[in-house]
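Chemist:
Numbering (the UniProt record's numbering), first residue to last: 1 to 674.
1) Does DSSP put residue 150 in a helix, a strand or coil?
2) Between 234, 281, 218, which has its C-alpha nearest residue 672's C-alpha?
3) Residue 82: buried (16+ other C-beta within 10 angstroms of its C-beta) or exposed?
4) Could you give the uninterrupted runs of the alpha helix (DSSP H) lying entirely in the segment 212–237, keeping only those of 4 residues or more?
5) Do you know whose CA, among 239, 357, 393, lies nearest residue 188's CA?
6) Looking at C-alpha atoms only, which residue of 253, 360, 428 is the closest neighbour of residue 387?
7) Using 10 angstroms around the beta-carbon of residue 670, count the other beta-carbons present and answer buried if the total reaches 16, otherwise exposed.
8) Quick one, which of 563, 630, 582 has its alpha-carbon nearest residue 592's?
9) Mind checking whether residue 482 and residue 367 have CB atoms under 9 Å apart?
10) Please name the residue in 164, 344, 151, 206 whose C-alpha comes closest to that of residue 299.
11) How about residue 486 and residue 528: do their beta carbons lie closer than 9 Å?
12) Tell me, which residues are paired with residue 398 by DSSP?
13) Take the Cβ of residue 322 as the centre, count every other Cβ of all protein chains shown within 10 Å, and call the residue buried at 16 or more, exposed below.
14) How would you write the range of the beta strand (DSSP E) that residue 676 sits in, first residue to last?
15) Three-state secondary structure (DSSP) at residue 163?
16) According to DSSP, is residue 464 helix, strand or coil?
17) Quick check on DSSP: helix, strand or coil for residue 349?
18) Measure the alpha-carbon distance for residue 586 versus residue 674 and round it to whole angstroms.
19) Can you grab the Cα-Cα spacing for the pair residue 207 / residue 14, in whole Å?
20) Once you ignore the five residues that flank residue 414 on each side, which residues in its own chain have a CB closer than 6 Å to its CB?
21) Just verifying my parser: in three-state terms, what is the DSSP assignment at residue 595?
22) Give the single residue among 610, 510, 226 whose Cα lies nearest to the Cα of residue 621.
23) To the nearest angstrom, how far is the alpha carbon of residue 246 from that of residue 222?
24) Going by beta carbon distance, what residues of the same chain come within less than 6 Å of residue 260, once the five residues before and after it are set aside?
25) Residue 664 to residue 96, Cα distance in whole Å?
26) Following the continuous beta strand (DSSP E) through residue 19, name the residue where it begins and the one where it ends.
27) Leaving out five residues before and five after residue 653 in sequence, what residues of the same chain have Cβ atoms less than 8 Å from its Cβ?
28) Taking 9 Å as the CB-CB limit, is residue 439 close to chain C?
29) Which value, in whole angstroms, describes the spacing of the CA atoms of residue 325 and residue 278?
30) Measure from the alpha carbon of residue 155 to the alpha carbon of each residue in 258, 122, 85, 214, then state which is nearest.
31) Can you tell me the Cα-Cα spacing of residue 358 and residue 303, whole angstroms?
32) With 16 as the cutoff for other CB atoms within 10 Å, does residue 574 come out buried or exposed?
33) Tell me whether the beta-carbon of residue 35 lies closer than 9 Å to the beta-carbon of residue 74.
34) What first and last residue would you give for the beta strand (DSSP E) that runs through residue 664?
35) For residue 144, does the three-state DSSP call read helix, strand or coil?
36) Within the chosen definition, does the segment 626–644 reach the segment 592–606 through at least 3 CB pairs nearer than 8 Å?
Here's what the structure looks like:
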C-alpha cells in the first residue's frame, strides 16, 4: 500500500501547515479531511485538524513524523466550517490552526478519547427529539408579527436589524421566527447568541418550555469540559436543533444551520479580548452570508456600525416601537442635579423618597452602580498616601467584607492596613463608593427592606448568578443593587424604579466609544423598569439619573428615549472626525518589562514596512500602562479602505516577525478598546 500523508493545521504561532505520515492499522478507515488527529510536535503531543489527504509530500522521509491516532469516532468537520475558520484566520491575521483548534472543546484535544467515547454513548442513548412544535405561543402585536413574517419568509442571506425598545418583545420574535424556520425540515438548526453567560439560564428556560420536543445545546465558557463536549457533539452531529451560546458558539460546528440570532448585538462582550480577538457579531454576519441564510441583530441600542449599515441599506431595519405587554409603558426618565441636591452616602433625598414610595407599594427598586467593591481606594488625610497597586497602574479596591484590598486587574490582595504605611496615621478613609458600600448604607437607611447585591463578587461560585436572579424574580428582594450584570436581558416584573448613580465619568473618557456605551448601558438598565402592566394605584415606572451635568445632550436624548437622534448625531461627529465606522483600524500592542522598550519596538514597527495610503499614528502608552509588572504601549493603524488595510497588515505582520525583539506583541483588527 502506498504511504498516506496528511496535511494538518496545528495550534502554533507558525503560519504554515504540517505534513505527517499515516500508517494504517488493520481495519482502520482512511483518515478524512475535517477529522481530529493526535500528533507528536517537538517534545510534546498535540491535537491537529486534517486539511488534506494525499500520497505525496515534500518533507524528506527521515524528517516526517507519523500520526499517533485519528479520532475516527467523531464525525469529520465539514468544509463550510473549515472555510469559516479560514476566513477568520485571514481577516484577523492569525494562523489557521490558532483559530480552528481552540474552537474545539478541550476534551476533544486530549491524548485519550475516553471523554469523547463516553459522550458519544450518552448522545446515542438520548431519544432523537425531532418534534419542532412550539407550545404556548402568545399573540403578537402588529410590529412583532410583521418582523416574524418577513424574517421567516426569507431563505436567502439578509441581515436584519431588529430595533426594538426595551420590553418590546424581541425575544418573542426570535422564538416564533425560530419555530417557523425549524418547521422547514427535520434537520434545520438555529443558533441564538447572547452576550453574557448569566443571560443564558433565563433564555434557555424559555426555549425549553417553548420547544419541549427538541434537543437544545448550550455552549459557553462557564460549562464543565465534559458537559461542553456533550453539547458541542449534539450540535456537531445535528442532534441539537437549537443552539444557545455566548460568543464562542459562533465557531461551533452546525451542519444544518438555517438562522442566526444575535441578541443585544451592540454589546462589547461579543468581542474576544484574548488570543484570537474576533468579533462574534461580525463572524455571524459573514457565516450567514456564507451559508445564504438570514441573520437577525437585535438591540434597543444598536452599535453605530450596525446603525450605519441599516442607514446605508446594507441591513434591513425592522422596528418594534412599543412595549409588548399591553398597558406597559416606557419609564419616565428624570435627571437629578447633584450640584443642587447634594447626595448623602451617594443618595440624594429625592432618590431616597422615591425608594421609600416603592417600598410602601410593595414594588422593587434597582440601583445601578458600575463599580464593585466597597470603595475604589483608601487614603490617608495626614500624608496623602493612597492604596496603589504595586504591580499595576491602578488602585487597590477596598473589599470590606473580605477585609482585603484587591487589584481588579492583576488580582493582588493585601489586608486592609490598620494604620497608614507611610506616616502611621490610624484614621484611613475610603474614597468613593462601590456596590458593597452602597449596600451597607441602604441597610442602615431602610432596615426593614430586603437589600440584595448582584455583582462579580457576589456571584463568583458556579450557579450563584442564576440563583441570585431567581431570588429577584420570585419577589424576595425589595432593593436590588447591581453592576452591568443586571443592566440587560432580565425581565423583572415588579421593578418600577431604576436609579443610575455616578454615571458621569464615562462622559469624559479617552475612549471615543465611551458615550455610545454609556447611552446603551443607561437605556438598557432603564429598560428593566415598568416591563409589566402598571398595577392599579401603583407608581408609574421611573428612572432617576444622578448627575453633575444635567444639560448634557446624552441625558436629554435618554429622557426622550431617542436613540435614533442620539445615534445620528454621533455618526455625524464620527464622520467629521474620521473615526469608525467611517474608517478601519488595527491596533498593535506591545508589552515589555520597561515602557521604553515597548515604545522603541513600536517606533521600529512603524518604519519597517512601506505604508502608502495607510496612517500609522505615534506610539503611546496604554491608559492602564502597567499590569502585573508588565508595561504596555500601543500603535494605531488606520485606513479608509478595508482591503488596503488588510493587504498592508499581511505584509506588515511578516516584517514584524522578522524584527529581533523580546517584546511580546499582537495585532488586533477592529479594536473596541483603544
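Every residue gets a Cβ at the ideal spot worked out from N, C-alpha and C, and that includes glycine.
Predicted model only: the values in this text are computed from it and were never measured.
Modeler: Walking through what the data contain:
1) Your numbering for residue 150 matches position 150 in the chain shown. Residue 150: helix per DSSP, three-state reduction.
2) Locating residue 672 in the chain shown gives position 672, counting from the first residue. Out of 234, 281, 218, 281 has the C-alpha closest to the C-alpha of residue 672.
3) Taking the chain shown and counting its residues from 1, one reaches residue 82 at position 82. Classification of residue 82: buried, given that the 10 Å Cβ count is 16 or more.
4) 225–236
5) Within the chain shown, residue 188 is the residue found at index 188, counting from 1. Here the closest residue by C-alpha is 239.
6) In the chain shown, the residue the question calls residue 387 occupies position 387. Here the closest residue by C-alpha is 428.
7) Taking the chain shown and counting its residues from 1, one reaches residue 670 at position 670. By the 10 Å Cβ count, residue 670 comes out buried.
8) The sequence position of residue 592 within the chain shown is 592, counting from 1. If you compare the alpha carbons of 563, 630, 582 with that of residue 592, the shortest gap goes to 630.
9) The count along the chain shown starts at 1 and reaches residue 482 at position 482. The count along the chain shown starts at 1 and reaches residue 367 at position 367. A contact, by the Cβ cut-off of 9 Å.
10) If you number the chain shown from 1, residue 299 lands on position 299. Measuring from the Cα of residue 299, the nearest candidate turns out to be 164.
11) Within the chain shown, numbered from 1, the residue matching residue 486 stands at position 486. Within the chain shown, numbered from 1, the residue matching residue 528 stands at position 528. Contact: yes.
12) Start at 1 with the first residue of the chain shown, and residue 398 comes out as number 398. DSSP lists 375, 405 as partners of residue 398.
13) On the chain shown, position 322 is the one that residue 322 refers to. So residue 322 ends up on the buried side.
14) Residue 676 lies beyond the stretch modelled for the chain, which goes from 1 to 674, so this question has no answer here.
15) Here residue 163 refers to the residue found at position 163 when the chain shown is read from its first residue. Three-state DSSP puts residue 163 in a strand.
16) Stepping through the chain shown from its first residue, residue 464 is reached at position 464. Here residue 464 sits in helix by DSSP.
17) As a working mapping, residue 349 is identified with position 349 in the chain shown. Looking at residue 349 - three-state DSSP - the assignment turns out to be helix.
18) Working through the chain shown from its first residue, we reach residue 586 at position 586. Working through the chain shown from its first residue, we reach residue 674 at position 674. One C-alpha to the other measures close to 10 Å.
19) Here residue 207 refers to the residue found at position 207 of the chain shown. Here residue 14 refers to the residue found at position 14 of the chain shown. Distance between the alpha carbons of residue 207 and residue 14 is about 42 Å.
20) Locating residue 414 in the chain shown gives position 414, where the first residue counts as 1. Only 405 meet the Cβ criterion.
21) By one-based count along the chain shown, residue 595 stands at place 595. Helix.
22) Counting from one through the chain shown, the residue named residue 621 turns up at place 621. Taking only the C-alpha atoms, the option nearest residue 621 is 510.
23) Walking along the chain shown from the start, residue 246 turns up at place 246. Walking along the chain shown from the start, residue 222 turns up at place 222. Going from the Cα of residue 246 to the Cα of residue 222 covers about 10 Å.
24) Along the chain shown, read from residue 1 onward, the residue named residue 260 stands at position 260. Cβ neighbours of residue 260 beyond the five flanking positions: 191, 284, 288, 295.
25) Translated into the one-based positions of the chain shown, residue 664 becomes position 664. Translated into the one-based positions of the chain shown, residue 96 becomes position 96. Each residue's Cα considered, the two are about 20 Å apart.
26) To locate residue 19, count along the chain shown from 1; it is residue 19. Residue 19 -> beta strand (DSSP E) spans 18–22.
27) In the chain shown, residue 653 corresponds to position 653, counting from 1. Once the five neighbours on either side are set aside, the close Cβ partners of residue 653 are 93, 667.
28) The question asks about chain C, but that chain is absent: this structure has only one protein chain.
29) Start at 1 with the first residue of the chain shown, and residue 325 comes out as number 325. Start at 1 with the first residue of the chain shown, and residue 278 comes out as number 278. Cα to Cα, the separation comes out at about 37 Å.
30) The residue you call residue 155 lines up with position 155 of the chain shown. If we check each option's Cα against that of residue 155, 258 comes out closest.
31) Here residue 358 refers to the residue found at position 358 of the chain shown. Here residue 303 refers to the residue found at position 303 of the chain shown. For residue 358 and residue 303, the distance between alpha carbons rounds to 34 Å.
32) As a position in the chain shown, residue 574 is number 574, starting the count at 1. Flag for residue 574 reads buried.
33) Within the chain shown, the letter at position 35 stands for residue 35. Within the chain shown, the letter at position 74 stands for residue 74. Taking 9 Å as the Cβ cut-off, residue 35 and residue 74 qualify as a contacting pair.
34) To locate residue 664, count along the chain shown from 1; it is residue 664. Segment 664–669, the beta strand (DSSP E) holding residue 664.
35) Position 144 of the chain shown holds residue 144. If DSSP states are grouped into helix, strand and coil, residue 144 belongs with the helices.
36) yes
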